[in-house]
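Structure, as structure tokens:
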Ligand code: PD2
Ligand code: ZN
């Protein structure tokens, strides 16, 4: 049964009446969300005729059966929408991703707010490499699994990035969305539009440090091999969500490998 079907008949009638009156789906979704009907809110928002859609993970069950794997949810926050997914990657998949990336790693760069070019900056002290979508067999498998879990088309995803942090390596607090008031945003949004979601996968266990921290929310997610972290950079109104400010805390012992997939609102081609 869908989340909307599970609502009592008064709520279902309320949705139908307001849709007939032409109230936008995101407005109705926001009201459902405020009353605690999170899944019904996202279901309404992501229905086929709604112009605004946000990648979403169904949080109504603790375990989710995907076509090739069963995963479990380890943590959920609804505002901003943040989910930790246990056992998303196998040890072998982590190893294959690391082995391929290791010989290609270069100093990481960030977007220059002035012109949208990529520059080196001490806010991001890692090495990294980027891939095309579907570049290797393991990447194809992982991309299909992400698409199924978050119900988002593969072609709306940027290519996978693999990052390696060691000895104090960190990614200082930042947003993954493109801030509409920055000059660079119009340049980088020409292809694919806004970055509406972020999907991170920890490929290694780290002895000390390396958590992904959300300072506005006072929580951090600790790196664990095979675990994934998803957060939506936009809220139910499609507005950028500043509660998603996040950082990769310094690694103080061990090595952290991470795979990042950013999800765009439109095809990224
Ligand atoms: O390494 C991380 O935990 C991290 C933290 C914040 C990665 C990113 N952002 C990112 O790749 O956007
Ligand atoms: Zn980030």
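In our numbering, the protein residues as written are 33 to 301.
Ideal placement from N, C-alpha and C gives every residue a C-beta, glycine not left out.
Whole-Å CB distance - residue i paired with residue j, under 8 Å assumed
i, j, result
"residue 243", "residue 287", "That pair is no contact at about 15 Å."
"residue 220", "residue 116", "With a Cβ gap of about 28 Å, residue 220 and residue 116 do not count as contacting."
"residue 276", "residue 265", "5 Å"
"residue 193", "residue 297", "Not really, about 19 Å apart at Cβ, beyond 8 Å."
"residue 292", "residue 195", "7 Å"
"residue 295", "residue 184", "6 Å"
"residue 300", "residue 153", "Actually they are not in contact, since the Cβ atoms of residue 300 and residue 153 sit about 24 Å apart, beyond 8 Å."
"residue 197", "residue 158", "5 Å"
"residue 89", "residue 262", "6 Å"
"residue 202", "residue 87", "So it is not a contact: roughly 26 Å between Cβ atoms."
"residue 180", "residue 104", "Actually they are not in contact, since the Cβ atoms of residue 180 and residue 104 sit about 15 Å apart, beyond 8 Å."
"residue 41", "residue 57", "Their Cβ separation, rounded to whole angstroms, is 20 Å, which puts residue 41 and residue 57 out of contact at 8 Å."
Residue span of the beta strand (DSSP E) that contains residue i, given as start and end
i, result
"residue 108", "102–110"
"residue 116", "113–118"
"residue 252", "251–253"
"residue 261", "260–264"
"residue 216", "Not the beta strand (DSSP E): residue 216 falls in the alpha helix (DSSP H), residues 215–220."
"residue 300", "First-last for residue 300: undefined, no H or E at that position."
"residue 230", "227–234"
Residue i: first and last residue of the uninterrupted alpha helix (DSSP H) it sits in
i, result
"residue 173", "169–182"
"residue 38", "35–38"
"residue 76", "70–77"
"residue 60", "57–66"
"residue 97", "Counting along the chain, residue 97 falls outside any alpha helix (DSSP H), though it belongs to the beta strand (DSSP E) covering 95–97."
"residue 41", "41–52"
Nearest neighbour of residue i, chosen from the options [CA to CA]
i, options, result
"residue 248", "207, 223, 121", "207"
"residue 150", "289, 217, 86", "217"
"residue 177", "209, 214, 260", "260"
"residue 91", "106, 83, 250, 58", "106"
"residue 113", "71, 81, 93", "71"
"residue 232", "285, 272, 273, 175", "175"
"residue 94", "209, 166, 118", "118"
"residue 253", "278, 222, 129", "278"
"residue 167", "186, 139, 76, 124", "186"
"residue 77", "145, 68, 59", "59"
"residue 289", "51, 131, 68", "131"
"residue 63", "43, 53, 224", "43"
"residue 160", "173, 147, 136", "136"
"residue 234", "138, 257, 241, 267", "257"
Strand pairing of residue i, partner residues [DSSP]
i, result
"residue 160", "138, 195"
"residue 189", "295"
"residue 206", "278"
"residue 241", "283"
"residue 86", "None; residue 86 has no bridge partner."
"residue 130", "None, per the DSSP bridge assignment."
"residue 288", "197"
**Asked** Under a criterion of Cβ closer than 7 Å to any non-hydrogen atom of the ligand ZN, which residues qualify, in chain order?
**Response** 203, 206, 208, 230, 278
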